[in-house]
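Per the working numbering, the very first residue in the sequence shown carries number 5; after that it's consecutive. Glycine included, each C-beta is placed from N, C-alpha and C at the ideal position. Have a look at the structure below, then the notes.
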Amino acid sequence: MKIFGKKQKKQEHSLIDDDLSNSELLPSHIAIIMDGNGRWAKKRALPRIAGHHEGMKTVRKIARFADHIGIKVLTLYAFSTENWKRPKSEVDYLMGLPEKFLNSFLPELMERNIRVTMMGNKEGLPKHTQAVLNNAMEKTKNNTGLILNFAMNYGSRAEIVQAMKEIINEVNSGNLAIEDINEFKVNQYLMTSHLPEPDLLIRTSGEVRLSNFMLWQLAYTEFWFTDTLWPDFNESTFSEAITAYQNRNRRYGGL
Ligand SMILES: CCc1cc(N2CCCCCC2)n2ncc(-c3ccc(F)cc3)c2n1
Numbered sequence: 005m006k007i008f009g010k011k012q013k014k015q016e017h018s019l020i021d022d023d024l025s026n027s028e029l030l031p032s033h034i035a036i037i038m039d040g041n042g043r044w045a046k047k048r049a050l051p052r053i054a055g056h057h058e059g060m061k062t063v064r065k066i067a068r069f070a071d072h073i074g075i076k077v078l079t080l081y082a083f084s085t086e087n088w089k090r091p092k093s094e095v096d097y098l099m100g101l102p103e104k105f106l107n108s109f110l111p112e113l114m115e116r117n118i119r120v121t122m123m124g125n126k127e128g129l130p131k132h133t134q135a136v137l138n139n140a141m142e143k144t145k146n147n148t149g150l151i152l153n154f155a156m157n158y159g160s161r162a163e164i165v166q167a168m169k170e171i172i173n174e175v176n177s178g179n180l181a182i183e184d185i186n187e188f189k190v191n192q193y194l195m196t197s198h199l200p201e202p203d204l205l206i207r208t209s210g211e212v213r214l215s216n217f218m219l220w221q222l223a224y225t226e227f228w229f230t231d232t233l234w235p236d237f238n239e240s241t242f243s244e245a246i247t248a249y250q251n252r253n254r255r256y257g258g259l
């Protein structure tokens, strides 16, 4: 397993060659569009929900690894506003995954000082899903380690429209002057106001599109695409993406 850059724990020896280990930092914020779960199941003649369950195990694996190597924020696109169009049985299963994940993993998240946050329209989720999310976010809110940020019932265009409405209301109520509206001010009204912008976006399963994900926030982000299906994604694939990011940054450093 490759160990990265300057930020790995002191006791670990860097296993990557010198010109990388000294030159580029780890990406602070990595965002992942976790695609390919249905295809993974279909290849094995399993029901689609088997792919989602396996994908949840990959979330746990990658969260542990991201925590281990010192990533600051990991944003995971778990459910888009378009996903409501899927069969009810599949949506019902998906809405049960946060509980499955947190019931078994919340104690470890606490031990690892990991903070759980979410972005999206929480009110549109089933009450039982909201309850487990609220509990996990409350229990972990003072943790200062990795931020595990789940995008659920999230759509970027809806997020931007909502921000515009709130900014217009502030201007109309005299709390905000037009000349004070700039990119920094817009950031404050987005669901990611508590996060730095992503340094690296990963999308699995060979799809090469953004699917209405963080359209504003990804303006300066490095994109890395892989044919690997999300359930097959592992520490090695994750390391490959980070090394690709570090190589790009090295070249952009004007060498
Ligand atoms: C709400 C849909 C959904 C789908 C899903 N999949 C299915 C599709 C993508 C692949 C990963 C597995 N996961 N995996 C973890 C969560 C999760 C969400 C919030 C939280 F606080 C803890 C865990 C999750 N949520």
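Cα-Cα separation, residue i to residue j
i    : j    : result
G100 : T133 : 7 angstroms
T144 : P111 : 10 angstroms
T208 : W44  : 12 angstroms
L30  : L137 : 28 angstroms
A167 : M195 : 9 angstroms
N216 : N146 : 30 angstroms
G42  : E115 : 32 angstroms
P130 : T230 : 32 angstroms
I118 : S108 : 15 angstroms
E58  : R48  : 12 angstroms
S25  : P235 : Summary for S25: the model assigns pLDDT 43, below 50, so the residue's position carries little reliability; its value from the coordinates is reported in the next sentence. Cα-Cα distance, rounded: 29 angstroms.
S160 : N173 : 20 angstroms
L19  : I66  : Caution applies to L19, whose pLDDT of 40 falls short of 50 and renders its modelled position unreliable; the value that the coordinates give is listed next. Roughly 20 angstroms separates the two Cα atoms.
R238 : N176 : Here the sequence assigns Asn to residue 238, which means Arg is not the residue at that position. Those two C-alpha atoms are separated by around 50 angstroms.
K89  : A155 : 17 angstroms
T260 : S197 : Given that the chain is displayed from residue 5 to residue 259, the structure contains no residue 260 and the question cannot be resolved.
I206 : A248 : 11 angstroms
Helix, strand or coil at residue i according to DSSP, with G and I counted as helix
i    : result
A181 : coil
H198 : coil
W220 : coil
I171 : helix
S84  : strand
E211 : coil
F154 : strand
L78  : strand
G128 : helix
A49  : coil
M38  : coil
T133 : helix
Y249 : helix
K145 : coil
L233 : coil
P102 : helix
R116 : coil
N238 : coil
N107 : helix
Chain C contact for residue i (CB, 7 angstroms cutoff)
i    : result
E127 : No chain C appears in this structure, which consists of one protein chain only.
Spatial neighbours of residue i in its chain, beta-carbon cut-off 8 angstroms, leaving aside the 5 residues before and after
i    : result
P51  : A45
I171 : L180, I185, K189, V190 and Y193
E103 : H132, T133 and V136
Own chain partners of residue i with C-beta closer than 7 angstroms, once the 5 adjacent residues on each side are dropped
i    : result
T232 : T208 and T241
L191 : Reading off the sequence shown, one finds Asn at residue 191, where the question assumed Leu. Only S197 meet the Cβ criterion.
Chain-order list of residues whose beta-carbon lies under 6 angstroms from that of residue i (same chain, five-residue window excluded)
i    : result
E201 : Q221
V120 : A140, M141, T144 and L152
G128 : N157
F105 : M60
E244 : none
I53  : Y97
G124 : A155, M156, N157 and Y158
W228 : I206, A245 and A248
Counterpart residues of residue i in DSSP-defined beta bridges
i    : result
W228 : I206
T121 : N153
H57  : For H57, which the question treats as bridged, DSSP gives no partner whatsoever.
H33  : V77
Contact between the segment 210-221 and the segment 34-41 is defined here as three or more beta-carbon pairs at a separation below 8 angstroms; is this criterion met? yes
Do the segment 172-183 and the segment 145-159 make contact, defined as three or more Cβ pairs closer than 8 angstroms? Fewer than three pairs of CB atoms, one per stretch, sit closer than 8 angstroms, so the segment 172-183 makes no contact with the segment 145-159.
Should the segment 64-75 be regarded as contacting the segment 83-93, the criterion being three or more beta carbon pairs within less than 8 angstroms? no
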